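For the sequence shown, position 278 (counting from the first letter as 1) is numbered 279 according to full-length UniProt numbering, and the numbering increases by one without interruption. Where a beta carbon is used, it is the ideal one built from N, C-alpha and C, also for glycine. Note that the coordinates shown come from a computational prediction; the quantities given were computed from them, not determined experimentally.
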Amino acid sequence: NNKTLEIENLVIQYDTDDGIVEAVNGIDLCLNKGKTIGLVGETGAGKTTMALSILNLIPMPPGKIVSGSIRVDGIHILEKTEKELEGIRGRIVSMIFQDPMTALNPVITVGEQIAEVIRIHQKVDNKEARKKAEKMLELVGIPKGRMLEYPHQFSGGMKQRVVIAIALACSPKLLIADESTTALDVTIQAQVLELMKDLKEKLHMSMIMITHDLGIVAEVCDEVAIMYAGRIVEQGSLVDIFENPKHPYTEGLFNSIPNIDDRKAKLKPIKGLMSDPYNLPKGCAFCDRCDYTMDKCKTMKPEKIIFSESHFVECHIYKDNKNYTLKYGDKKY
Ligand code: SF4
C-alpha cells in the first residue's frame with residue numbers, strides 16, 4: 002500500500018446552542034507516501050477540523066463524527082481506543098500548531114521536552130533519549146549545547162524549530178502543519194519552510210500543510226485541495242491548480258493575492274463572506290459569492306467533474322462543457 006492517508010466519506014458535525022454545523026461535509030482524500038498536500042481555504046472551511054480528526058482529537062461533544070473512515074499507514078484511526086491512540090499520535094501522525102508557545106512547556110528545558118517524547122514512544126532509557134534529542138536538535142539546526150535552555154531563551158523561529166523537533170522526534174509517517182509558520186516573520190518563515198521540506202525528504206514523510214497562503218503552497222506542496230464550507234471543491238497537482246484552476250472559488254483565491262509580475266494589478270477580493278454554517282445554501286455552498294452562478298446552482302449540489310487522474314472540481318459549469326474557460330482562466334499566476 003503506497004498510501005499514507007486514506008479518508009473516505011468523512012462527515013463531522015458540531016452540535017451548538019445555535020444549531021448543527023456540518024464542519025466537514027463528505028470528504029474523500031488520499032495522500033501517497035512522501036507527498037505533501039496543501040489544504041487551502043478561508044477560516045471556517047473545515048481545514049482544522051479535518052486535521053484534528055486525523056489524530057482523533059475532535060472534542061466530542063460538541064463534535065461528532067457522523068460517518069466515514071480515516072486510515073493512516075493502514076491503521077483505522079477512528080476505531081482505536083484512547084490508550085491505543087496515545088501510541089499512534091507522535092509516532093505515526095504528528096501535528097504542529099500555529100503558536101509554538103502553546104506546544105512548549107515554559108518550565109522544562111527544550112532538550113528534556115524532546116527527550117520525553119522519545120522516551121514515551123521508543124521505550125529507551127534516559128541516556129539514549131537524551132542522545133536522540135541532541136540529534137533532533139541538530140537536525141533542525143539548533144546546536145546541541147542549547148539542550149539545557151528554556152523556551153523563553155529562544156526566538157520565535159527557533160521555538161518553532163524546537164516544536165518541529167518534538168513533532169518529528171519519533172519519525173512519524175504523516176506530519177500535519179496547521180498554519181505553522183503564520184506567526185513568523187517572512188524571512189524566518191522561509192527558513193522554517195525550507196527546513197520542513199528538507200526534513201520531509203530525509204525522513205520520507207508525507208505532509209499536510211494547512212494554510213490560506215498560496216505562496217506557501219507553491220513552495221512546498223505537490224498537491225492542492227481547495228476547501229469551502231466543509232467540502233473539497235477542487236483538487237489537483239500543483240500544476241493543475243496553478244496553471245489551470247477550474248473552480249470559481251479557486252480563481253477568486255488567486256485574484257485576491259498580489260500578482261508578482263504585475264504589481265499594479267488591482268486585487269479583487271472574493272465578494273461576501275463564507276456562507277452561514279447554520280444555514281448553508283441548498284445547492285452549491287459558494288452560490289452567493291460566485292461570479293458565474295446559474296439557476297441550478299441555487300438548488301442542486303454540484304457533482305464531481307473529473308478532468309484527469311489528479312484533477313477534479315465540483316462545479317455545475319463543467320457538467321456540459323468541460324472546456325469552459327473562467328474569465329481569468331488565461332491569466333498566468
Ligand atoms: Fe459557481 Fe455554480 Fe460553480 Fe457553484 S456550481 S461555483 S455557484 S458556477
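Does ligand 2 have a heavy atom nearer than 8 Å to the CB of residue i?
i, result
"residue 43", "With respect to ligand 2, the structure offers nothing, as its ligand set consists of ligand 1."
On the criterion of 16 or more Cβ atoms from any shown chain inside 10 Å, does residue i qualify as buried, or is it exposed?
i, result
"residue 340", "Absent from the model: residue 340. The displayed extent of the chain is 2 to 334, so no value can be given."
"residue 181", "buried"
"residue 88", "exposed"
"residue 61", "exposed"
"residue 161", "buried"
Assuming contact is defined by CB atoms lying nearer than 9 Å, are residue i and residue j in contact in what I supplied?
i, j, result
"residue 58", "residue 224", "no"
"residue 50", "residue 25", "yes"
"residue 272", "residue 284", "no"
"residue 209", "residue 6", "yes"
"residue 237", "residue 196", "no"
"residue 159", "residue 131", "no"
"residue 355", "residue 48", "The chain is shown from 2 up to 334; residue 355 falls before or after that span and cannot be answered."
Roughly how many whole angstroms lie between the Cα atoms of residue i and residue j?
i, j, result
"residue 163", "residue 296", "52 Å"
"residue 172", "residue 76", "16 Å"
"residue 331", "residue 242", "For residue 331, the predicted model reports a pLDDT of 44, less than 50, meaning its position is unreliable; a value from the coordinates is still stated below. The alpha-carbon atoms of residue 331 and residue 242 are separated by roughly 13 Å."
"residue 137", "residue 145", "9 Å"
"residue 265", "residue 3", "Per-residue confidence for residue 265 stands at a pLDDT of 49, beneath the threshold of 50, marking its modelled position as unreliable; the derived number appears in the next sentence. Cα to Cα, the separation comes out at about 45 Å."
"residue 320", "residue 277", "26 Å"
"residue 66", "residue 20", "16 Å"
"residue 96", "residue 314", "28 Å"
"residue 257", "residue 108", "42 Å"
"residue 294", "residue 69", "31 Å"
"residue 127", "residue 135", "12 Å"
"residue 53", "residue 201", "20 Å"
"residue 14", "residue 23", "4 Å"
"residue 338", "residue 311", "Past the boundaries of the shown model lies residue 338; the chain is included only from 2 to 334, so the question cannot be answered."
"residue 218", "residue 228", "14 Å"
"residue 250", "residue 287", "8 Å"
"residue 231", "residue 129", "44 Å"
Per DSSP, residue i is paired with what?
i, result
"residue 72", "7 and 77"
"residue 142", "Its beta-bridge partners do not exist; DSSP assigns none."
Quiz item: Is the region 65 to 76 close to the region 105 to 122, with three or more CB pairs under 8 Å?
Solution: Three or more beta-carbon pairs separated by less than 8 Å are not found between the region 65 to 76 and the region 105 to 122, which leaves the two stretches without contact.
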